[in-house]
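Notes follow once the structure below has been shown.
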Amino acid sequence: MTVMPAEGIFSLMWLLIALPLAGAAILLFTGRRSNSWGPYLGVLTVTASAVLGVLMLINMMDLPAEERTISQVAYQWVFVGDFSVDLAFQLDQLSMVFVLLITIVGALIHIYSLGYMSHDPDRRKFFGYLNLFVAAMLLLVLANNYLLLYVGWEGVGLASYLLISFWQYKPSAAAAGKKAFIINRVGDVGLSLAIMLMFVTFGSVNFSDVFGSATNASEGTLTALGLLLLLAAAGKSAQFPLQAWLLDAMEGPTPVSALIHAATMVTAGVYLIARSNVIYNNAEIAATVVVIVALITVFMGAIIGSAKDDIKKALAGSTMSQIGYMMLAVGLGPIGYVFAIFHLLTHGVFKAGLFLGAGSVMHGMNDDVNMRRYGALRGVMVITFITFMAGYLAIIGIPPFSGFWSKDEIIHAAFEQNLFIGLAAVAAAGITGFYMTRMIAMTFFGKKRWEDDVHPHESPKVMTIPLIVLALGSTFLGMALLFWGDIESWLEPVVGFESEPTPLPSSVYIVFTLVVVIIGAIIGWISYGRREVPEVAPAGNWLTRAARKDLYGDAVNHALVVAPTNYAARLLVWFDNKAVDGFVNGSAAVVGGLSGRMRRTQSGFIRTYALSMVGGAVLVIAALVLVRI
Amino acid sequence: MNPTNYVILASVLFSIGAIGVLVRRNAIIVFMSVELMLNAANLAFVAFARMNGNLDGQTVAFFVMVVAAAEVVVGLAIIVTVFRTRQSASIDEPNLLKY
Amino acid sequence: MNTFSAPEIDYSAIAPILIIFVAALVSVMVEAFIPRASRRFIQMLITYGAIISAGFWLFTIRDTRVITAGGSLAIDGPAIMMQGTILVLALLGAMLISERSLDSLGDSFAPRASALPGSVDEREFTSRGFTQTEIWTLFLFAVTGMLSFVAANDLLFMFIALEIMSLPLYLMVGMARRRRLLSQEAALKYFVLGAFASAFFIFGAALVYGYAGTISLPGISDALSVKTGEGALVLIGLGMLLIGLFFKIGAVPFHQWTPDVYQGAPTPITGFMGAAVKVAAFGALMRLLYVGFSGLRWDWEIIVWIVAILSMLVGSLIAITQSDIKRMLAYSAVAQSGFILVGVATATAAGIAAVLFYLIAYGFVTIGAFAVVSMVRDASGEATHLSKWAGLGKKSPMVATVFSIFLLSLAGIPLTSGFVIKFSVFAAAITAGQTWLVIVAVAASVVAAFFYVRVIVVMFFSAPTENTASVAIPSAFTTIALAASATITVVLGVIPQPVIEMVANAGIFIR
Amino acid sequence: MNNFPWLTTIGLIPLIGSVVVMLVPKANGALAKMVALFFSVVTLGAVVVMALQFDANSAEPFQFVESYSWIPAFGINFSLGIDGIALVLIALAATLVPVVILGGWNEAVEAQGSVKGYFALILALETLMIGVFAATDVFLFYVFFEVMLIPVYFMIGRYGGPQRSYAAVKFLIYSLLGGLFMLASLIGLYVVSAQITGTGTFDFTTLVGLDIDPDVQKLLFLGFFFAFAIKAPLWPFHTWLPDAAGQSQPGTSVLLIGVLDKVGTFGMIRYCLEIFPAASTFYAPVVITLAVVGIFYGAFIALKQTDMKRLFAYSSMSHFGFIVLGIFVFTSIGQTGSVIYMVAHGLSTAGLFIAAGYLISRRGGSAQLSSFGGVNKVAPVLAGFFLIAALSSLALPGMVSFIGEFLVLLGTFQQYMWLGALATVGIVITAAYVLRVYQKSMTGPLNPDCAGMKDLNGREITALVPIAALTIILGVFPAPLLNVVNPAVDRVMTTIGATDPAIEVGLAPIDSTVSEGSAE
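Following this line, the structure appears as structure tokens:
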């Protein structure tokens, strides 16, 4: 892998980040003055970045495959002793696709937000945060070293925090933001430690240096690195056991859920592992753990998604599950990296479309999120319905919609690796079919179950146009990337690609998967499309009840982490007051008490004083004489 | 007679004086006890002068007598003043200053 | 029989003592023959004139190192240093005594000490504006005693100097104009206990004489180096001598008179006494130990250690719960004696220099602090209860600030003289290998800091109440004394080098 | 190098300012504030000019050296000079003083103590802060170290909250306790130097060169370290801090925690490590243990605090744990990290306390978290600055505190891998308590008591802007700090004879990189 200096249009690489960053700075620091034009500026900066990104893609395609890694060093950032890190960017095929995903989906969501947030008094701030997010996310994918990546990593965390708790007057929103940040911090510990371990091992945290020397390190070190990076990825991508924040994150405005908690930020974990492919390729155990974590999450997400009545939470469960697929793919190694990224891209588009569609529904339903009070919306929200259906077909993987191509490749890769992993992936696809059908059925079909004062209507054009664009993406992106874009050979220089033979021909797996998905969809349709949907959720079986409680994720966190922390903190407060401060104040009290007692010896009687003098005399003489003897 | 006996006597007198200060309540008697201690010292000086064979001790004794006299003047002045104020010669009576 | 030969007397060397002594005698005559109306003025003239001329004389003979008057007086570097200190302190003390503006009734002294407190006579004397002038005579005698005390080179002279110093002080303590019961009680206590201590001293002298056959300090030293037997006699004698001196410096367990006397005495006298007696007594103590008993260094060292530790700890501890400012300063004086004893215990040249420096700096702080105490008043006279000082920093920031400087100096905060002296003493002690003593001293310093700081808390951090005393406007006397003390306190803290050189040049005690 | 006495000049400007402020008539409090601000800004300007002349690559250990004989009898000189570490800390102090004056404009009320007195004390304190970092004579350092207590004592005791006397006395006595033990060690050091060289000295450079017996070092080290540990404050010598910070005005707290406490950690690097290298190595395990305990202890207790100022105090204790940890792991990365952390912590503390001060003054003096809630709704600008300071406190990447914290952790990890990993976990708790404060005070439903709260005015914003700007600028471009700190830290490392641990594997040779990286 040769790293080329940035020339031509690539010398504007920094501008990709700088544009939205400047937008964020202007919007956030100028205050009320920019209320009127601020949102448009926000849209503009991201769109400009998107245009720049597209131009770069065109230029990059002209370059030979081995010269597509382009680096731009701004200056030496942190340097102490052996430790030296540049503020430097690296654009290669992997980051290129991310840049495009982030900027284009980002731009669409910005535009959508113009309509969605049009009545919010803090609209300007919202766009400022969104711009900040885009900048941070671009920094994350453009950094040429882990430390700078960390900055972007935490930057998106911050933006996510700010946006989740955007309606911070709601205590739930404020709490959700905090929860997201803190759980992400757990992941950050992993990333921090991984960076430290890299430095201690290799003396550098640059991608090229680390990957170049990775094979020299012991397998133990690489395994440790892999597990630490997995911890980081699990935090950011809401993978088990750090999944609990994502569902609460739906407290944020819907465009946020679409952009950050579906399309881009949550996939950063996948990016991190794909980026660090050299490490995982040489650390089998770490890769296996990735697969295990991914499979657990795939099912958790799917099960949670099947039980939620809140449309956004159902989608969030689905996101968890889908990212689990991606993680599964990266865990599979070189046979999966490419498809993980492929699925990441298609998912980014169709999930964004689904969320925005859900937002459009909520927009028409007075921000009600309970699907049990929806029903029969296909008539009143035609565009939303059609675009949502495109996303639906994509996510459950019906050909030729984009999700089919990417998910199918992952399942195929899973079978290449291991029969059980493959079967599990198929089973999860079946559940996907079930819960997505359930969502469609409850929302757009069946009978009206609207509240009395709700008058559903189609959203304005500024919202529907992004929906349409994303629906087109949901429909065609998969084919485009696979057949026209040749995603495998595009990404191969960065993440590697190899294929293993499977015992059965590919078509068998495709058909098998499709059958399972359709069975899932049919069950969903029978349960929710054909039957009456009760407005109050039935008690359900234990799994449903557990899934409604996010499979007890919070309870587990509480029992294992929060409660002990609180207990320890209370204990320490007590200790600090009683023991440490008590010792200090106690010493003072002892001295004071001693003083008070000794003071009484000063009785005021001359003869007492004389006695004390005689006592002193005895003492003095005794000391003199006794010492001599 | 062995001069050492005088020294022992002086020590006994000194001790009697010291004990007098500690146990007697009347200011005048306390004061006399102090004088007894001074005179014990005089006796010791004289005895030691004899033992050492020089006159320094005797000279000192004279000086101490003078000093003792001066002390009597000052002491009685104070004691009398206090007595006049309090109508009591008890040394335990003035007990406002304490702790 | 020995033929009597008149001793050689270097009159120039002892002139400062003589000047003050003669002035005291003249002062007696003034009391006897000069009409009452002009007595005060003439007494003051004599006093100031004597102190200043003695001071000048002392300055001119500052390089004298001589033992004179038949070996009774040693005018050496430390003696001259301390005599100078005593004279300056006496000058400041005299200024405090001269003050008449603070109290509406006049100066701080009873117009007739003999009048019964609260009697018709007393009111009569007061209303007729009688002024007590004998105080000046007593003052001059006391100074004579102090000057002699630090130069006394034999036990007899030391005893006499001790008495010349003490007897006038006993009387002066009892002469307060207000709160006369307390004042008289203080005088009685001081006198009885002082006489008691003197008796120990002189009996100890007798025992030492019995051992050494001489009362001259160098003679005792020689005797110690040649004689071997009869150890108990000299040890007991030394012990009893030390008791007399420990009493004067107010070291534990011979300290109990200190708080009562400091509180009861008229404040100007407390200030003068607290400063000057300490200098004189430490001078005598060091001469006794270094010149007379250097041979018993390993024996007395332990005593000094024990007494130093007891003084530092007990003084600091008891001071914490005091609520009367004068009593608190008295306990502080006890603790400070302990710190000085740490320097005394070193028995090195650096230790001597440190002690000398300590005495100088401490003397000024003490006089200054009591000058402030004399200024803070309410309707009943001086307001010494700490609660009446609440919010003084708000009411009279200047005076409170100056007092804080003294307190910080006593607490040993840098940039005040108190820090430099603590530093010097600790440095001398550590150099002499007594690190553990310094550790105890440090611990005591922290406890001590607490009560000094507490006064600042009261003055600055509490709001004034209706009970808060106010600061009376002093005349030039107190103002000058206060300003001088404060200035010296700060200057010694910031540029101590000249004085350090001075005390270092004073060198050691000659024998 | 020019011979202009920069350090003396810079030290004198605020002192003169302090006197001038006191001369302003009592009635004219506003003028006194303006004068104080003027002098502090002039000082800052002078520091900037001096810093520009600082030669980062100089071979000399100290620059802008001045030396005047002070107390020759004890070998004491008035010697000043700065290395990179001292420079950045002086710059920090000079930056924070105008900020505090501006931010604490209304902190002093005539009812408690004189208004001009407060500002005069701040300026006097600035002189002492500059002196303490610039001193190259150990005795002089000690003098500044101790005298600094006095203005702070008055600032807490006169202008603080209801329990101010208790807090002030506790602060003073605790500090004096440490200071006096340090004094004993200081004298011991002097005596030792006299034994080795013949003449006792307090000159830092001479003392560093002495070959002191390790057993003696161990004793002397303790005195110094005890004083610095109290000042820093290290667990378990910390209990004065929550009281002091809780009772003092925010401006006082900023100077106290932001700058003064740094003297403790500065002293550890400058004096403990360099003069007593053997003892430092000997005690390092103990110190490191205390530091790590402190990190978690402070953080856990901060989680449960209900008083904002006390909370920040405990959080500072946790942060000081990091700083001390970085110093005592003996890696250049850790030590540089600690110095950066000191600067960063100064800035974040300033931001937090000043913003909290605005809040508290708007709520009539209550610092209880329960007194607030939803402030973001009524005072978004205030909330914004508060958030920036809070994020700086939790070491958000991109801010200077991140660089400090990361380097400390990296330096620790390099030396003690598991300990570094353990300490890293601390960042989670930090996030938890920092965000808890923000959540309780700024977000959630609007507390009715906060309804009429005004947002920041121009003066208040002006005070916070430099803090926020520096936090971010230095985070993105820390080279100005690193350039001057690195050589100083290298010198310390050389002095104590420590070397950085070797890189385990290292980079592969260039040619092999082609075959690696990705599958063909």
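Protein chains in written order, with our numbering: chain Z, 952 to 1580; chain F, 77 to 175; chain A, 39 to 549; chain E, 8 to 527.
Here a beta-carbon is modelled for each residue, glycine too, at the ideal position from N, C-alpha and C.
For F:M113, the CB contacts under 7 Å within the same chain, skipping 5 residues up- and downstream, are F90, G93 and A94 in chain order.
Counting only runs of 4+ residues, the alpha helix (DSSP H) found wholly inside the region 300-348 of chain E occupies 315-335, in chain order.
Among the CB atoms of chain Z, one or more fall inside 7 Å of the CB of A:V230. Residues of chain F with a Cβ closer than 9 Å to the Cβ of Z:A1561 are, in chain order, A94, V97, L98 and V106. The distance from the Cβ of E:Q375 to that of E:T313 is about 6 Å, consistent with a contact at the 8 Å cut-off. Not flagged as an interface residue toward chain A: E:S377, since no C-beta distance is shorter than 7 Å. When only Cα atoms are considered, E:L442 and Z:M1068 end up about 26 Å apart.
Under a criterion of Cβ atoms nearer than 7 Å, the residues of chain A adjacent to Z:V1571 are, in order, G277, L280, I281 and I341. Every alpha helix (DSSP H) stretch that sits fully inside the region 1435-1503 of chain Z and reaches 4 residues is listed by chain position as 1438-1446, 1457-1475 and 1493-1499. If you ignore the 5 residues before and after E:I203, its C-beta comes within less than 8 Å of the C-beta of L217, D218 and I219, all in its own chain and listed in chain order.
Contact between the region 1083-1094 of chain Z and the region 1117-1130 of chain Z is absent: fewer than three C-beta pairs spanning the two stretches fall below 8 Å.
Taking the CA atoms as reference points, A:R218 sits about 58 Å from E:L14.
For Z:V1036, the nearest beta carbon of chain A is not closer than 7 Å to its own beta carbon. Contact of A:A346 with chain E is not assigned, every C-beta pair being separated by 7 Å or more. Distance between A:T305 and A:A368, taken at the CA atoms: about 12 Å. For E:R443, there are no neighbours in chain A by C-beta distance under 8 Å, as the nearest C-beta there is about 33 Å away. CA-to-CA, the gap between Z:A1087 and Z:W1525 works out to about 41 Å. If the five residues before and after Z:A1125 are omitted, its C-beta is found closer than 6 Å to the C-beta atoms of S1116 and Q1119, all from its own chain and listed in chain order. If you ignore the 5 residues before and after Z:P1444, its C-beta comes within less than 8 Å of the C-beta of M952, A1016, E1017, R1019, T1020, D1043 and Q1044, all in its own chain and listed in chain order. In the three-state reduction of the DSSP assignment, Z:D1318 falls in the coil class. At least one CB of chain Z lies nearer than 7 Å to the CB of F:D168. The beta carbon of E:A127 sits no closer than 7 Å to any beta carbon of chain A. Within chain Z, Q1119 have C-beta atoms less than 7 Å from the C-beta of E:N383, given in sequence order. For E:Y75, DSSP records a beta bridge to E:F85. When C-beta atoms of the region 111-128 of chain E are compared with those of the region 92-99 of chain E, fewer than three pairs fall below 8 Å, so the two segments do not count as touching. Within chain F, the C-beta atoms nearer than 9 Å to that of A:Y247 come from A120, F121, F124, A125, N128, D132, G133 and V136, in chain order.
Residues of the same chain with a CB within less than 6 Å of the CB of A:M497, apart from the 5 flanking positions on each side, are W427, L430, G431 and A438 in chain order. Secondary structure remark: continuous alpha helix (DSSP H) runs of at least 4 residues inside the region 238-281 of chain A, in chain order: 255-264. In the DSSP assignment, Z:R1548 falls within the unbroken alpha helix (DSSP H) covering D1532 to R1551. Comparing alpha-carbon positions, the option among Z:A1185, Z:D1359, Z:I1255 and Z:P1515 lying closest to Z:D1501 turns out to be Z:I1255. For A:A92, there are no neighbours in chain F by C-beta distance under 9 Å, as the nearest C-beta there is about 23 Å away. Counting of Cβ neighbours within 10 angstroms places E:D268 among the buried residues, the total reaching 16 or more. Distance from the CA of A:L56 to the CA of A:L185, rounded to the nearest whole angstrom, comes to 10 Å.
Each of Z:T1174, Z:L972 and Z:V954 was checked against the Cα of Z:F1084, and the nearest Cα belongs to Z:L972.
Counting C-beta pairs closer than 8 Å gives three or more between the region 316-328 of chain A and the region 119-127 of chain A, which meets the contact rule.
Beta-bridge annotation (DSSP): A:R415 is paired with A:E420 and A:S508.
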